[in-house]
Every structure is written in C-alpha cells, then in structure tokens.
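Q: 1 is the number of the first residue of the sequence shown in UniProt numbering; add one for each residue after it. Note that beta-carbon positions come from the ideal geometry of N, C-alpha and C, so glycine has one too. Here it is, the structure, as structure tokens.
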Amino acid sequence: MATPTTAVDPQPTGLRERKKQRTRGALVDAANRLFLEQGYGKTTVDEIAAAVEVSQRTFFRYFANKEEVALAVLADAEETFLELLRARPADEYPLEAMRRAARQVWQLLDQGRVAERGTVAGALELFELIESTPTLLAAHLRHTLQQEVEVTRVLAEREGLDPAVDLRPRLLAAVFGTVIRLSHLTFATEREPHRQGVDGMLELMERHFDQLGPALAGSWR
1 MATPTTAVDP QPTGLRERKK QRTRGALVDA ANRLFLEQGY GKTTVDEIAA AVEVSQRTFF
61 RYFANKEEVA LAVLADAEET FLELLRARPA DEYPLEAMRR AARQVWQLLD QGRVAERGTV
121 AGALELFELI ESTPTLLAAH LRHTLQQEVE VTRVLAEREG LDPAVDLRPR LLAAVFGTVI
181 RLSHLTFATE REPHRQGVDG MLELMERHFD QLGPALAGSW R
C-alpha cells in the first residue's frame with residue numbers, strides 16, 4: 001500500500017511574505033532612525049543593513065538606494081491613498097472623494113496600518129527631514145509629480161473623462177497635492193499642544209481644504 005502523500009501546506013508562502021514584510025519594515029525603521037539621529041548624508045547602506053543584521057545584498061533586494069528607503073513610508077501612504085480613492089463611492093464629487101481618502105490614510109497611518117512601522121509622528125518627522133535635505137526633496141518632488149499623474153488617471157476614470165481633453169482631473173490633482181504639502185509644512189511649524197497627533201493634522205488639513213474654494217474663486221478682501 002502506497003504511503004499517502006502529505007498535502008502541501010499553503011501557509012509557508014504566507015509566512016515567507018510576512019517575513020519579507022517584516023524585513024522591509026525593519027529596514028525602513030532602522031534607516032529612518034539613523035537618518036534622524038545622524039543625518040541622511042552621513043548614513044550609509046551598510047549601516048542600515050547592519051542595524052537589522054542583514055547583508056547589503058539583502059537591503060538591495062528591497063530598495064534600489066537610500067532615497068527609496070527614506071521615501072518608503074510616504075510612498076506607501078501615497079499608494080494607499082490611490083487605493084482608497086478608487087474605492088470611494090462613485091456619487092461623491094471628486095474633491096470630496098479625495099478629502100475623504102486623505103483622511104482615511106492619516107487614520108490608517110495612526111493605527112499603524114499603512115506602512116509596516118509607520119506612524120503619524122514618524123511620517124511628519126520624515127517630511128521635515130525630506131524638506132531639509134536637498135537630495136531627498138528633489139527625489140520626493142519627482143515622485144510627487146508621478147503621483148499626480150496617477151491621481152489624474154484615477155479621477156478621469158471615476159468621472160469618465162479624457163484627461164488629454166478635459167484639464168480638470170490634472171488641475172485638481174495638482175492643487176490637491178499642493179494643499180497636502182502645505183498642510184504638512186504648516187503642521188511642522190505650528191505644533192501647539194492642542195494640535196498634536198492625527199486629530200491636529202486632520203483639523204489643519206480640513207481647514208486648508210475649506211479655504212481652497214474661496215481662494216480660487218472668491219474675493220480675498
């Protein structure tokens with residue numbers, strides 16, 4: 001009688017994926033800690049890898065360079081925003097759908113559900129680091145332009161428009177991205193006690209969005 005074969009347990013694949021995510025998260029966490037402690041320019045890939053007790057080769061399996069690991073948390077947040085925007089109800093006006101998706105991103109980030117080890121405080125510290133580091137700022141702005149193209153595409157698909165003919169999706173994507181960046185910058189310089197945490201960030205972001213319509217179309221006096 002033949003010995004019955006044992007079915008292959010599907011879990012190992014899931015376990016491997018979770019291990020990969022943990023390694024990626026540990027690299028991001030170590031890189032961000034080192035960047036904030038000793039500066040972006042003084043931190044090497046070897047130091048980041050050593051902090052996680054992996055090889056440089058392992059680091060490059062996950063990230064092409066230091067820029068990519070430094071921008072990882074914000075890149076994850078931007079990807080989450082796109083997913084949430086695609087999932088917003090079709091009857092929401094474009095700007096309302098974007099505002100709600102942005103709120104969801106910050107709430108998920110606050111719960112640690114956007115990046116492996118991402119937090120609101122960590123994201124804002126990273127944003128300050130990026131803004132003060134020319135190399136990172138240039139990389140971030142390039143990435144922001146790419147994100148703008150993706151947001152334009154999602155908005156056009158939602159509204160059934162051709163963005164090459166109708167400029168509204170691209171215009172809204174550009175204005176929206178600028179409001180988000182200004183909200184981050186303002187929050188970084190106005191950290192009053194009542195503005196700490198995700199609630200303060202959301203309050204400030206919503207205030208900027210409320211001012212958007214009058215700033216574009218109304219009298220400033």
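Let me confirm a value: residue 65 is counted as buried when at least 16 other C-beta atoms fall within 10 Å, else exposed. Which label applies?
A: Residue 65 should be labelled exposed.
Q: Assess contact between the region 101-108 and the region 201-211, defined as three or more Cβ pairs (one per stretch) separated by less than 8 angstroms. Is contact present?
A: yes
Q: Please report how far the alpha carbon of residue 168 lies from the alpha carbon of residue 159, in whole angstroms.
A: 10 angstroms
Q: Exposed or buried, residue 219, counting other C-beta atoms within 10 Å across all chains shown (16 or more means buried)?
A: The residue is exposed, with fewer than 16 neighbouring Cβ atoms inside 10 Å.
Q: How would you label residue 147, buried or exposed, when you count the other beta carbons within 10 angstroms and need 16 or more for buried?
A: buried
Q: Kindly indicate which three-state DSSP category residue 202 falls into: helix, strand or coil?
A: helix
Q: Do you know how far the Cα of residue 128 is from the Cα of residue 188?
A: Residue 188 and residue 128: Cα-Cα distance of roughly 7 angstroms.
Q: In the DSSP assignment, the alpha helix (DSSP H) including residue 152 goes from what residue to what residue?
A: 134-159
Q: If you pair each beta-carbon of the region 129-137 with each one of the region 28-41, do three or more pairs fall below 8 angstroms?
A: yes
Q: Buried or exposed: where does residue 145 fall if 16 or more other Cβ atoms within 10 Å of its Cβ makes it buried?
A: exposed
Q: Taking only the alpha-carbon atoms, compute the straight-line gap between residue 125 and residue 32 and give it to the nearest angstrom.
A: 9 angstroms
Q: Between the region 78-85 and the region 45-60, are three or more C-beta pairs nearer than 8 angstroms?
A: Short answer: they don't touch.
Q: From residue 70 to residue 186, what does the alpha carbon distance come to, in whole angstroms?
A: 21 angstroms
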